[in-house]
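Visitor: The structure's right below; bear with me while I get my questions together.
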Amino acid sequence: MDDFVAWFQHNGGVLDTSMMAITDFPGSGRGAVALQDIPENHTIFTLPRSLTLSTQTSSLPSAFGFEEWRKHKLHKGWAGLILCMMWEEAQGNQGKWITYLASLPTQFDTPIFWSDEELQELQGTAVVDKIGRDEAERDYHEKLTPAIKTRPDLFLSDQIDTWYTLHQYHITGSRILSRSFNVERWEGGIEQDAEHVTEEDSNEDTQANTSVGSAMDVDDSADGGAAVDEESSDRDSDDEEIEDTSDIAMVPMADILNARYDSVNAKLFYEKHHLQMVTTKPIKAGEQIFNTYGDLPNSDLLRRYGHVDIVPCPHLKGSLGNPQDVVEIRADLVVNVVCGDLSTGETYRRRIDWWLDEGGDDVFIIDADPVLPAALTSFVRLLLLTQEEWEKTREKGRFPKAKFDYQVSPLLRRIFEMRLTSYQSPDLEVDAKLLASESLTLNKRHAIVVRLGEKQILAGALETLRFMDAALSDVGSNGSKGKRRVASGGTTGGGKSKKARH
Ligand SMILES: C[S@@+](CC[C@H](N)C(=O)[O-])C[C@H]1O[C@@H](n2cnc3c(N)ncnc32)[C@H](O)[C@@H]1O
């Protein structure tokens, strides 16, 4: 670490060493610790933009030729940044970032490196379909390898087996996934590289903040430290179509900071020429300095960072878990439960197509909030409509109201129960017991934490249903035949639901 700090300072970084030190935190790797009480709004370190490592600052795209870079589609997705980082590392002592790159981990606990047997443990969770190993490898074979072959002068043949392997590609991708920042260019463009940017690039750049996700966000500090958007840029976006990654950058020193649920006390801000890590709360001497990764559910934390967060949770009556956990319920499970054998029939096909065309969701998100998502109830109701009602609904162009009643309730229950069966075991007790065992490997422990967290959400949803049923029968016994609307989760078709990722 001393080498890294010396390199950082030598290259224009300024670290307040009276305030912050880098140290090991058992279970979280390196992190930053406050050496004395630090007030809010204090700058702990700054670094020039030129010290960040991105496709804008690496000299590879220019050496390769921008035209050719684009021809190999290296300006889209992560392949270009990965290639820049591999190339910079291959430069050895000649490379500007070599000391930084040498300080980064070469092993990760993320599921992309897990065995098939370990991945089985994640069955049913939101992790499995999003690991993206095949897509990543396709990029390696279809973009990187051909590009590398065209320039033996840049990618030396005796370096290929060391620095440009598929394994190295995954390591570099994982470094980006767990450590990169989204550093927008200063309005008007960052001086040194502005001329490299074509008009098409510039247009894409306006979207960079919602594009392929970086690990962490950076804020514009022109307002002198405004409140920070703690939403991770990636939460849903790394699977959307937009692929511009020119603002994604590795930010030495800033990526030393760990994160924990609801613990952020420092954030990275950007200025025209430099970035600065500024405290957003007073921090006591000895406390850890935390950035935020967006307070993600454990499924996302595990997939991107290789760790999970467990804190006392209100939805678990104080037991340990992650308050941000969610369960994804795919619309096809809902269709199967509601329509049974007829689910592939033309009648339902039309309704489903209409729902999707009108912007309805094909994945519903259940979280720890006891209110069930309105979109799910609305979708169930759409499938239940009589032909006449369906025609009217389509004419009006409005989704059915998320009305909860005796018809919907058992279907929702069945949906949640069916969803529970997608895990290795629907039984929560089994996982709770497993977690108590000390002989678990880290990966298995993480898998159990993720799936137990999701199963607890489903158990909570089933409990909510029981309350809602009880409320229905109260209403029924009071003479209104159980038809009154009991609960709704906000606006129909919005809120806790989203498009499927694939
Ligand atoms: C941005 S880096 C932070 C620096 C990192 N600890 C290191 O040693 O280089 C993110 C990585 O730190 C670790 N990490 C961060 N916060 C953590 C936490 N709350 N619990 C466990 N590991 C954590 C994870 O391995 C994650 O991939």
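The opening position of the sequence shown corresponds to residue 1 in full-length UniProt numbering, with each subsequent residue numbered one higher.
Built from N, CA and C at the ideal position, the CB exists for glycine as well.
Please read all numbers here as calculations on a predicted model, not as lab measurements.
Rounded to whole angstroms, what is the Cα-Cα separation between ARG175 and ASN182?
Guide: Rounded to the nearest angstrom, the two C-alpha atoms are 14 Å apart.
Visitor: Taking 9 Å as the CB-CB limit, is TRP390 close to chain B?
Guide: The structure shown has no chain B; it contains just one protein chain.
Visitor: How would you write the range of the beta strand (DSSP E) that LEU440 sits in, first residue to last?
Guide: Premise fails: LEU440 is in no beta strand (DSSP E) and is neither H nor E.
Visitor: Could you give the first and the last residue of the continuous alpha helix (DSSP H) run that contains GLU135?
Guide: Per DSSP, GLU135 belongs to the alpha helix (DSSP H) from 133 to 139.
Visitor: Is ARG30 near ligand 1, going by C-beta to nearest heavy atom under 8 Å?
Guide: Yes, the beta carbon of ARG30 sits closer than 8 Å to at least one heavy atom of ligand 1.
Visitor: Determine whether the beta carbon atoms of ASN265 and ILE283 lie at a separation below 9 Å.
Guide: For ASN265 and ILE283, yes; Cβs fall inside 9 Å.
Visitor: Check GLY173 in the structure and name its three-state DSSP category.
Guide: Helix.
Visitor: In the DSSP assignment, the alpha helix (DSSP H) including ALA254 goes from what residue to what residue?
Guide: Here ALA254 belongs to no alpha helix (DSSP H), and DSSP marks it neither H nor E.
Visitor: So THR165 is in the beta strand (DSSP E); what residue range does that whole segment cover?
Guide: Premise fails: THR165 is in no beta strand (DSSP E) and is neither H nor E.
Visitor: Beta carbon of ASP309, beta carbon of ASN291: below 9 Å?
Guide: Contact: no.
Visitor: May I ask you to list the residues that DSSP assigns as paired with ASP24?
Guide: Per DSSP, ARG30.
Visitor: Considering only DSSP beta bridges, list what LYS267 is partnered with.
Guide: DSSP output for LYS267 lists VAL278 as bridge partner(s).
Visitor: Cα separation between PHE66 and PRO410?
Guide: If you take the alpha carbons of PHE66 and PRO410, they lie about 59 Å apart.
Visitor: Indicate whether the contact test is met: 3 or more Cβ pairs, each with one atom in the stretch 65 to 83 and one in the stretch 137 to 148, closer than 8 Å.
Guide: Output reads yes: the stretch 137 to 148 touches the stretch 65 to 83.
Visitor: Examine the Cβ distances between the stretch 42 to 60 and the stretch 312 to 330 and report whether three or more of them are shorter than 8 Å.
Guide: Short answer: they don't touch.
Visitor: ALA331 and PHE364 - do their beta-carbons sit closer together than 9 Å?
Guide: Against a cut-off of 9 Å, the Cβ pair of ALA331 and PHE364 comes out as a contact.
Visitor: Leaving out five residues before and five after LEU428 in sequence, what residues of the same chain have Cβ atoms less than 7 Å from its Cβ?
Guide: Correct list, in chain order: LEU452, LYS455, GLN456 and ALA459.
Visitor: On the DSSP bridge assignment, give the partners of SER103 in chain order.
Guide: According to DSSP, SER103 bridges with nothing at all.
Visitor: Taking the beta carbon of HIS307 as the centre, do at least 16 other beta carbons fall within 10 Å, making it buried, or is it exposed?
Guide: It is buried - the Cβ of HIS307 has at least 16 other Cβ atoms within 10 Å.
Visitor: Check whether the Cβ of PHE66 lies closer than 8 Å to any heavy atom of ligand 1, and answer yes or no.
Guide: False, no ligand heavy atom lies under 8 Å from that Cβ.
Visitor: Short of 6 Å in beta carbon distance, which residues of its chain neighbour SER28, apart from the five on each side in sequence? Order them along the chain.
Guide: Once the five neighbours on either side are set aside, the close Cβ partners of SER28 are ASN258.
Visitor: Taking C-beta to C-beta, are ASP111 and ILE131 nearer than 9 Å?
Guide: Note that residue 111 corresponds to Pro in the displayed sequence, not to Asp. Yes, the pair counts as a contact, with Cβ atoms nearer than the cut-off.
Visitor: Could you tell me whether any non-hydrogen atom of ligand 1 is closer than 8 Å to the CB of PHE108?
Guide: Within the cutoff, so yes.
Visitor: Indicate whether VAL334 and PHE379 have their beta-carbon atoms separated by less than 9 Å.
Guide: For VAL334 and PHE379, yes; Cβs fall inside 9 Å.
Visitor: With a floor of 4 residues, list each alpha helix (DSSP H) that falls wholly inside the stretch 23 to 98, ordered by position along the chain.
Guide: Listed in chain order, they are 60 to 64, 66 to 71 and 79 to 90.
Visitor: Could you say if the stretch 381 to 391 and the stretch 350 to 358 meet the contact criterion of at least three C-beta pairs nearer than 8 Å?
Guide: A contact exists between the stretch 381 to 391 and the stretch 350 to 358.
Visitor: Closer than 7 Å by C-beta to ARG260: which residues in its own chain qualify, once you throw out the five before and the five after it? Chain order, please.
Guide: Here the set comprises PHE290 and ASP309.
Visitor: Taking 8 Å as the cut-off, is the CB of ARG260 close to at least one heavy atom of ligand 1?
Guide: Result yes, Cβ under 8 Å from ligand 1.
Visitor: Mark SER58 as exposed unless 16 or more other C-beta atoms lie within 10 angstroms of its C-beta, in which case mark it buried.
Guide: Classification of SER58: buried, given that the 10 Å Cβ count is 16 or more.
Visitor: Let me know if VAL212 comes out buried or exposed under the rule of 16 or more other beta-carbons within 10 Å of its beta-carbon.
Guide: With a pLDDT of 38 at VAL212, under the threshold of 50, the modelled position of that residue is not reliable, and the figure given next carries that caveat. Under this definition VAL212 is a buried residue.
Visitor: What residue ranges within the stretch 402 to 447 form continuous alpha helix (DSSP H) runs of no fewer than 4 residues, ordered along the chain?
Guide: You should have 408 to 420 and 428 to 436.
Visitor: Tell me which same chain residues have a C-beta within less than 6 Å of the C-beta of ARG133, skipping the five on either side of it?
Guide: Once the five neighbours on either side are set aside, the close Cβ partners of ARG133 are ILE112.
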